[in-house]
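I have placed the structure first, in the form of structure tokens, so that the comments after it can refer back to it.
Residue numbers (full-length UniProt numbering): 1 to 237.
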């Protein structure tokens, strides 16, 4: 299923993005810098609540309403296409609010982005957390995303890759694999939530965040049960 576009940014506009590389040169009803400035903000953060994005467009375009929003986002989607990026809207199941995410089309690019801030052990821990959240049963009937306690997440084994390497290469690889401490894991969970990869629905519990649903969409859909994947893909992505 194609990414959900903003309002009127439909298939025709997306097709235009595929027709040629480079920024859009079509005439717009707003200053050129509006889409450029908005793009810088979204790419810098990786994700933003759509209410904040709309407020930014109103301020930059000097509008009192959201009449320019669809056109600005459509232009941004087209202008970032040649960079290998996609600007996608994600509806977050925990609050039914929309978020605007920048998605790199290169496979596993999210891990590369995380690697710029987190060390390899923290990235591997994040992968273990995502797997645990996708395997857990949602607490509410009909729920889509499970929330798991911080206590449970801090007990996760994050040495899966290290253990495989040790079996293949001997004790030297095992010596290089160091487990994160409980304090390290707690700090990592807080950082993941702050960056939008995770979300805290209540104190002491974590679930998948809107940025994870955007950046790691294909991986997450492959991990959750088929009926949940279908619902997420149809109504939220």
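Don't be surprised by glycine CBs; every beta carbon is placed ideally from N, CA and C.
All values derive from a computational prediction rather than experimental measurement.
* **Contact belief for residue 47 with residue 210 at Cβ below 8 Å, rounded distance in angstroms** => 6 Å
* Between residue 78 and residue 68, what straight-line distance do the alpha-carbon atoms span, to the nearest angstrom? -> Distance between the alpha carbons of residue 78 and residue 68 is about 16 Å.
* **Distance, residue 149 Cα to residue 204 Cα** => 6 Å
* residue 231 versus residue 221: straight-line alpha-carbon distance, rounded -> 10 Å
* **Distance between residue 34 and residue 123 (C-alpha atoms, nearest Å)** => 34 Å
* Can you have a look at residue 59 and say buried or exposed, based on whether 16 or more other CB atoms are within 10 angstroms of its CB? => exposed
* Asked: Which value, in whole angstroms, describes the spacing of the CA atoms of residue 223 and residue 213?
  -> 12 Å
* Taking Cβ positions, are residue 90 and residue 98 nearer each other than 9 Å? -> yes
* Enumerate in chain order the residues of its own chain whose CB-to-CB distance from residue 65 is below 8 Å, with the five nearest sequence positions on each side excluded. => 58
* By Cβ distance below 8 Å, which residues in the same chain neighbour residue 85 in space, the five residues on each side in sequence not counted? -> 43, 102, 103, 104, 105
* Asked: Which one of 54, 38, 201 has the shortest CA to CA distance from residue 145?
  -> The residue from 54, 38, 201 with its alpha-carbon nearest to that of residue 145 is 201.
* Starting from residue 33, trace the alpha helix (DSSP H) both ways and give me its first and last residue. => 32-45
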